[in-house]
Amino acid sequence: MALKDFPVDECLLQGNAACPGCPATIGLRLVLKALGKKTIMVVPACCTAVIESLYPFTSFDVPVMNIAFEAAAAGASGVEAALRMQGRSDITVIAWAGDGGTYDIGIQALSGALERNTNFIYICYNNQIYSNTGIQRSGATPYAAWTTTTVEGKTEFRKEMGEIILAHHIPYVAQTCISYPEDVFGKIQKAKSIKGPKYVEILAPCPPGWRFSMDKTVEMGRLAVETGAWSLWECENDVMSFNGKSKLILEKKIERKPVEEWIKYQGRFSHLYKPERDEKRLKAIEEHIDLLWERYRKCYGKTEGSTPSSVK
Amino acid sequence: MTIMMDTGNRIAAKAAIMAKPEVVAAYPITPQTTLVEAIAEYVARGEYKGEYICVESEHSAMAACIGASAAGSRTFTATSSHGLLLMHEMLHWAALARLPVVMCNINRVIGPGWNIWVDENDSISQRDTGWIQFYCSSNQEIFDTVIQAFKLAEHEKVVLPVMVNLNAFILSHTSLPAEIPKQSTVDEFLGKYVAQWKLDIDNPTTFGNIIGPEYYVDVRRAMHEAQQHAKKLIPQIANEWKKSSGFYHGGLLEYYKCEGAEHIILSMGAMGAECKVAIDELQKAGQKVGLARVRVFRPFPVEEIITLGNQADLIVIDRNISIGSEGALFNETKAALYGESGAKATGFIAGLGGKDVTYKDIVTMYMKALTHKPREQQWYGMEG
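Respectively, the protein sequence lines represent chains A and B.
Quick note on the working numbering: the first sequence kicks off at 577 and runs consecutively.
Quick note on the working numbering: the second sequence kicks off at 47 and runs consecutively.
Dropping the structure here:
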């Protein structure tokens, strides 16, 4: 659906407590426009618990259940089971969690809910840090990025959560980014139309966390995709396809931009340029992305529709 | 009515199924396993028509119960020992969210080292979570208490989760007869579950968002008041069930031959039943001693214990220890008496790690207690 045709109704209301330039609110608006009011949200500890605003107020026009950090998928399992017993198949249950609550503390409950074939959409808005607690490293934080717990830059590469989810062989898995509203909207709509467990991960560039100007949120997401540091893809019933610019990069129809085009705007990487260029780490980042794409091409690139499970 | 000759776990499962929860979420742990296996059999036979979610951890079991309860369904789970400890965060969550989840906990030792026998430290260490806690002493009491637990948890003046504790193996794996009422009796007693609050798309509300101190203190106080209401309701509900089913195991406490007693033994769980045999023996020998078996540890029956203290000296036997302090029942009994009764309260720690405590041991403890100094607590049955 084209941007101009998106529903005008808003389920994320004005006056919420998000930071200026917050990518989570962009994601929430798009997701809730795609899902509509017959949606119940389960939210673990994450920035969204703040965006909801202080009791007795709320910024959501759909029912929201907050739950403990590691428990979003399990809590959603319970909501979904109860609704099924009550015959409410018209309601979509979503878990909306950050990368900390997904990659790290919540991965067990998430894996369990997927394996049990829970009929829900798990959405991870990934800002690559524990932003709500003040910018600590997570399993999604990229190599060399500064956080308050990786003061000289993270020494490990991030994990590929999307591929961990693919290994569950659920009906629908997708990666997207807040900078591509049609892509987000379309993927959430598709997820809604499919029965069973669905996982959608949305890259969410965080101005205070990544240390960039708050008017650059959308641009940071685009550059992440254009440099290949992030990718847009979906996998429906084990059939994988890359989307948008990521498809062109995969098929080598365009060259990905050098990753420095993305990281040079972000204060979290500024130590790679001061006092002098850290060639070693800059090279390591670039090489890691090259290797990632080589693997993507090998696994998913030969023909559209190759199944992740069938590739050696 | 039929007689069911079966283990505590299977009778607990029977009661849970007869209460017709819409969602059960559980994870196996010895010695709770036969309970969740029994539920799986009810599912397989088509006798349980609700959702049975076999989750990947106890933490998720409670989280799923929280989700289901918040969505407006009656929910049940069961666990034990380390499983209960893993749930700890979500126990607080269920109580603070005011969700009437009902759970059976099979009291088992905490490791290391691994030990699957009876000990009450698992549930005692959850006493501050806001859950109502029952301790059973027979399979009949397990059945009746599980049914009553739903009624209590869901009562509009309570709306708190309830934990029904039964001792590992002594009850969980021991066959004892229990009379099972007709399904219609249970249906009539419990009524159809109507949630006091729920996630509702027609009335979208955010539950559990950020709350400042000015409101948070109200939340805590409301929970405390709900437990005070439960204190009044537990005996009422027990009496209602007596009218429906004919069975009664006491209110907050069960009193046994306390009339004229100069000493009263306080205990919980299956050891409470063993105490009855000891009381019979001691009374035969001319001792003026009775038993008050504490059925409900939360809310703590302060007033009832003061009344006991005004009648007799109290001897408390704990199957738990708050390390660095003393047995929880002993500790709280003394706190209840403080300033209200001059009764001498003494105590024993006994039966930890599943060590057998027979009526003969209880007789021995009683005899020793007669020479105890006030406030003295001893360890009983040490090997050397």
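Cβ coordinates follow ideal geometry from the N, Cα and C atoms, glycine included.
- Message: Would you call the stretch 863-879 of chain A in contact with the stretch 746-760 of chain A, where contact means no fewer than 3 C-beta pairs closer than 8 Å?
- Response: No: the two stretches stay apart, fewer than three of their Cβ pairs being nearer than 8 Å.
- Please go through the same chain and pick out, in chain order, the residues whose beta-carbon is closer than 8 Å to the beta-carbon of residue 860/A, but skip the five residues on each side of it. Within the same chain, residue 860/A has close Cβ partners 719, 720.
- Task: Could you tell me the distance, in whole angstroms, from the CA atom of residue 808/A to the CA atom of residue 750/A?
- Result: Looking at the two C-alpha atoms, the distance is approximately 8 Å.
- Tell me where the alpha helix (DSSP H) around residue 260/B begins and ends. Note, residue 260/B: alpha helix (DSSP H), 259-291.
- Does the stretch 124-143 of chain B touch the stretch 660-667 of chain A, meaning 3 or more C-beta pairs lie closer than 8 Å? No, because fewer than three Cβ pairs between the stretch 660-667 of chain A and the stretch 124-143 of chain B fall closer than 8 Å, the two stretches do not touch.
- Query: Since residue 177/B meets chain A, which of its residues come closer than 9 Å, beta carbon to beta carbon?
  - Reply: Here the premise fails: no neighbours, minimum Cβ distance about 16 Å.
- Over the uninterrupted beta strand (DSSP E) stretch that includes residue 71/B, give me the two end residues. Per DSSP, residue 71/B belongs to the beta strand (DSSP E) from 69-72.
- Message: Distance check for residue 414/B and residue 327/B, CA to CA, integer angstroms please.
- Response: Separation of residue 327/B and residue 414/B (C-alpha to C-alpha, rounded to the nearest whole angstrom) is 16 Å.
- Between which two residues does the beta strand (DSSP E) carrying residue 301/B extend? That run of the beta strand (DSSP E) goes 299-302.
- Message: Assess contact between the stretch 313-322 of chain B and the stretch 335-345 of chain B, defined as three or more Cβ pairs (one per stretch) separated by less than 8 Å. Is contact present?
- Response: Short answer: they touch.
- Which listed residue (813/A, 838/A, 681/A, 805/A) has its alpha carbon closest to that of residue 822/A: The shortest C-alpha separation from residue 822/A is found at 805/A.
- Task: Below 8 Å between beta carbons is the criterion; list the residues of the stretch 250-277 of chain B that meet it against any residue of chain E, in chain order.
- Result: Reference to chain E is not applicable here, since the protein chains of this structure are A and B.
- Where residue 69/B meets chain A, residues with beta-carbon distance less than 8 Å: Using a Cβ-Cβ cut-off of 8 Å, residue 69/B is close to 654, 657, 658, 661 of chain A, given in chain order.
- Min CB distance residue 96/B to chain A below 8 Å: It does; some Cβ of chain A falls within 8 Å.
- How many angstroms separate the CA atom of residue 107/B from the CA atom of residue 129/B? Using only the alpha carbons, I get a separation of about 10 Å.
- Message: Suppose only complete runs of 3+ residues qualify. What are the beta strand (DSSP E) ranges in the stretch 74-120 of chain B, listed by chain order?
- Response: Complete beta strand (DSSP E) runs here, min 3: 97-100.
- Considering only C-alpha positions, which residue in the set 220/B, 382/B, 197/B is nearest to residue 183/B? Closest option to residue 183/B, Cα to Cα, is 220/B.
- Of all the CB atoms in chain A, is at least one closer than 8 Å to the CB of residue 113/B? Yes, its Cβ sits closer than 8 Å to a Cβ of chain A.
- Chain-ordered neighbours of residue 610/A on chain B, where CB pairs are closer than 8 Å: For a Cβ distance threshold of 8 Å, nothing in chain B lies close to residue 610/A: the least Cβ distance comes to about 16 Å.
- State the DSSP-derived secondary structure class of residue 732/A, mapped to helix, strand or coil. Residue 732/A falls in the coil class under three-state DSSP.
- Task: Along the beta strand (DSSP E) that carries residue 409/B, what are the first and last residues, could you check?
- Result: Here residue 409/B belongs to no beta strand (DSSP E); instead the alpha helix (DSSP H) covers 405-415.
- By how many angstroms is the C-alpha of residue 858/A removed from the C-alpha of residue 786/A? In a straight line, the C-alpha of residue 786/A is about 17 Å away from that of residue 858/A.
- Item | Per-residue contacts from residue 629/A into chain B (C-beta, under 9 Å) | Correct list: 252, 255, 256.
- Find the residues of chain A that neighbour residue 297/B, judging by a C-beta separation of less than 8 Å, and give them in chain order. Within chain A, no residue has its beta carbon less than 8 Å from that of residue 297/B; the closest one is some 32 Å off.
- Task: Taking only beta carbons into account, state which residues of the stretch 682-700 of chain A come closer than 9 Å to chain B, listed in chain order.
- Result: Listed by position along the chain: 684, 685, 687, 688, 689, 691, 692, 694.
- Roughly how many whole angstroms lie between the Cα atoms of residue 887/A and residue 870/A? Annotation note: pLDDT 41 at residue 887/A (below 50); position unreliable, coordinate value reported separately. Straight through space, the alpha carbons of residue 870/A and residue 887/A are spaced by roughly 14 Å.
- Message: Tell me whether the stretch 180-198 of chain B and the stretch 280-291 of chain B touch, counting them as touching only if at least three CB pairs, one residue from each stretch, are closer than 8 Å.
- Response: Touching, per the Cβ criterion.
- Item | Beta-carbon neighbours of residue 636/A, restricted to chain B and to distances below 8 Å | Result: 250, 252.
- Label residue 827/A either buried or exposed according to how many other C-beta atoms from any shown protein chain fall within 10 Å of its C-beta, with 16 as the threshold for buried. Classification for residue 827/A: exposed.
- Chain-ordered chain B contacts of residue 641/A [CB-CB under 9 Å]: At a beta-carbon threshold of 9 Å, the residues of chain B lying near residue 641/A are 112, 113, 116, 117, 143, 245, 252, 253, 254, ordered along the chain.
- Task: Would you please verify whether the beta carbon of residue 888/A is less than 8 Å from any beta carbon of chain B?
- Result: Below a pLDDT of 50, predicted positions are generally treated as unreliable, and residue 888/A, at 35, falls in that range; no measurement from the model is reported.
- Report all residues from its chain with a CB closer than 7 Å to the CB of residue 776/A; omit the five preceding and five following residues, and keep chain order. Around residue 776/A: 697, 699, 750, 752, 763, 764, 767.
- Item | Per-residue DSSP class, three states only, for residue 402/B | Assigned with DSSP and collapsed to three states, residue 402/B falls in coil, not helix or strand.
- Write down every uninterrupted run of the alpha helix (DSSP H) in the stretch 692-770 of chain A whose length is 4 residues or greater and which is fully enclosed by it, in chain order. Given a length threshold of 4 residues, each whole run of the alpha helix (DSSP H) inside the stretch 692-770 of chain A is given here in chain order: 737-742, 757-769.
- Task: Taking all protein chains shown into account, decide if residue 692/A is buried (16 or more other Cβ within 10 angstroms of its Cβ) or exposed.
- Result: Buried, because 16 or more other Cβ atoms sit within 10 Å of the Cβ of residue 692/A.
- Item | Presumed contact (8 Å Cβ cut-off) between residue 394/B and residue 357/B, rounded CB distance | At roughly 21 Å, the Cβ-Cβ gap does not stay under 8 Å, so residue 394/B and residue 357/B are not in contact.
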